[in-house]
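Residue numbers (UniProt numbering): 1 to 301.
Only one structure is covered here, and it is reproduced in the block below.
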Amino acid sequence: MSHQEAIKANIKAFAAADAYDSRECMQVLSMLAAKTIVTHDVSIIETQPSTTVYGNPEEFQSGISLENLIGKSEIKETFDGKKVMDFACGTGLVTEKLTHFLDNNKESTEIVGIDINQQFLNSFNEKATKLSNDKLTITSELCDILDPERQSEIDSKYGEQFDAIFCSVSYHHLEDYVRVTKKLVTFLKKGTGVLYILDFYNEDVEREASETSAVRHMGGLKVEALTKCFQSAGLGQLSIAKEFAVKTWQLGNFIENHCRQETIDRFNNGTLEKKSSSLGDVYSIEISVILAVGVRPKNDG
Ligand SMILES: C[S@@+](CC[C@H](N)C(=O)[O-])C[C@H]1O[C@@H](n2cnc3c(N)ncnc32)[C@H](O)[C@@H]1O
């Protein structure tokens, strides 16, 4: 599948922004993504996988808040006064959660959301309007950053502009995430800009998805693959390790496209715990998430 075909498959797969936001799993994951990003210390190189498992999805459903999830002393980076990109931002769930940590009495902060799906960006923009204030500007752009016809425009708009770029649970949807990473690195400020990639991680699955699926890398991305990708994009200070696992309720088609074989087998033979939801039957499974962090070096040409 080409990069363009993967984009078309993704636009088709993510049709309904409201349904996406109402999925308990996406709310839980975006909270944990925000927590993982703001509590990460860029000066520490993590190589050991974490054993943190967040249990009981009902706890999140019944309104566990970011305050309960993160102690103030754990916060290492709030992005106050910085220019940040939410790449493949979707409906803006992670941006929304991250703004929670900003001190709006301090310096001006700017967040730019990039996605290829206008429906999702409409929902991002609604959140942006509610969250923006005179110390916080949130904008978005419908953009394929690899579009050959827009390269000089994209370079002059985004090149070397960003203090941080984050991307949550989207890399496994990209056909060519190595090329995307190389492009994102050019958007970072030299010497200080940080790239944070969060994605699904299943130890025993590393196979290509079916030709029509929006998911391009079944089971997410591995430490080794992300390390090679970050190295080839010229990033330094690499910290790439499994961050956490979380128990959530998932639809059958998510399980078929993202989970390890043992879970898919249990789904197929009817032994996963099941309940009804507004979107149909959902099943209790554990998902692992990996965080890859790298810094753009000062002298990278
Ligand atoms: C699972 S959603 C994640 C959205 C958001 N980051 C979140 O955590 O809720 C995957 C997103 O990747 C976007 N996407 C897929 N391919 C893309 C590409 N080539 N460039 C930008 N966004 C892309 C999709 O449109 C979708 O919004």
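The beta carbon of each residue, even a glycine, is placed where N, CA and C say it ideally should be.
If you're wondering where the values come from, they're calculated on a predicted model, not measured in any experiment.
Classification of residue 90 by the beta-carbon crowding that lies within 10 angstroms, buried from 16 upward: Here the question's residue 90 lines up with position 90 in the sequence shown. Classification of residue 90: buried, given that the 10 Å Cβ count is 16 or more.
Enclosing beta strand (DSSP E) for residue 115 [first to last residue]: By one-based count along the sequence shown, residue 115 stands at place 115. Its beta strand (DSSP E) spans residues 109-115.
Spatially closest choice to residue 75 from 55, 87, 103, by CA coordinates: Here residue 75 refers to the residue found at position 75 when the sequence shown is read from its first residue. For the residues 55, 87, 103, the minimum Cα distance to residue 75 belongs to 103.
Distance cut-off 6 Å: residue 115 Cβ against heavy atoms of ligand 1: By one-based count along the sequence shown, residue 115 stands at place 115. Yes, the beta carbon of residue 115 sits closer than 6 Å to at least one heavy atom of ligand 1.
Option in 246, 185, 173 with minimal Cα separation from residue 88: Against the sequence shown, residue 88 aligns to sequence position 88. Closest by alpha carbon: 173.
First through last residue of the beta strand (DSSP E) which encompasses residue 292: The count along the sequence shown starts at 1 and reaches residue 292 at position 292. From DSSP, the beta strand (DSSP E) with residue 292 extends over 280-295.
Span of the beta strand (DSSP E) around residue 14: In the sequence shown, counting from the first residue as 1, residue 14 sits at position 14. Where residue 14 is concerned, there is no enclosing beta strand (DSSP E), given that its DSSP letter is neither H nor E.
Option nearest residue 115 by Cα separation, candidates 147, 105, 279: Counting from 1 along the sequence shown, the entry for residue 115 is found at position 115. Checked all of 147, 105, 279; the closest Cα to residue 115 is 147.
Contact test: residue 88 Cβ vs ligand 3 heavy atom, cutoff 6 Å: The model depicted lacks ligand 3 and carries ligand 1 instead.
Beta-carbon spacing of residue 35, residue 70 below 7 Å: In the sequence shown, counting from the first residue as 1, residue 35 sits at position 35. In the sequence shown, counting from the first residue as 1, residue 70 sits at position 70. Yes; because the gap between Cβ atoms is below 7 Å, this pair is in contact.
Span separating the alpha-carbon of residue 273 from that of residue 284: Residue numbering aside, residue 273 sits at position 273 when the sequence shown is read from its first letter. Residue numbering aside, residue 284 sits at position 284 when the sequence shown is read from its first letter. Distance between the alpha carbons of residue 273 and residue 284 is about 5 Å.
Boundaries (first-last residue) of the beta strand (DSSP E) holding residue 245: As a first step, residue 245 is located in the sequence shown; it is residue number 245 there, counting from the start. Its beta strand (DSSP E) spans residues 236-251.
Same chain only: Cβ atoms within 6 Å of residue 46, ignoring 5 sequence neighbours per side: Numbered from 1 along the sequence shown, position 46 holds the residue referred to as residue 46. For residue 46, where only same-chain residues beyond five positions count, the Cβ hits under 6 Å are 239, 241.
Which listed residue (120, 144, 194) has its alpha carbon closest to that of residue 294: Translated into positions along the sequence shown, residue 294 becomes position 294. It is 194.
Residue 217 versus residue 224 - alpha carbon distance: Counting from one through the sequence shown, the residue named residue 217 turns up at place 217. Counting from one through the sequence shown, the residue named residue 224 turns up at place 224. The straight-line gap from Cα to Cα measures roughly 14 Å.
Proximity of residue 52 and residue 244 at Cβ, strictly below 7 Å: The residue you call residue 52 lines up with position 52 of the sequence shown. The residue you call residue 244 lines up with position 244 of the sequence shown. Yes.
Through-space distance from residue 269 to residue 84, alpha-carbon basis: The residue given as residue 84 occupies position 84 in the sequence shown. The residue given as residue 269 occupies position 269 in the sequence shown. One C-alpha to the other measures close to 45 Å.
7 Å Cβ cutoff met for residue 222 and residue 286: Start at 1 with the first residue of the sequence shown, and residue 222 comes out as number 222. Start at 1 with the first residue of the sequence shown, and residue 286 comes out as number 286. Contact: no.
Spatial distance of residue 183 from residue 92 (CA atoms): Counting from 1 along the sequence shown, the entry for residue 183 is found at position 183. Counting from 1 along the sequence shown, the entry for residue 92 is found at position 92. Cα-Cα distance, rounded: 21 Å.
Residue 93 beta carbon near ligand 1 (any heavy atom closer than 6 Å): For the purposes of this step, residue 93 is taken as residue 93 along the sequence shown, with counting starting at 1. Yes, since a heavy atom of ligand 1 falls inside the 6 Å radius drawn around the Cβ of residue 93.
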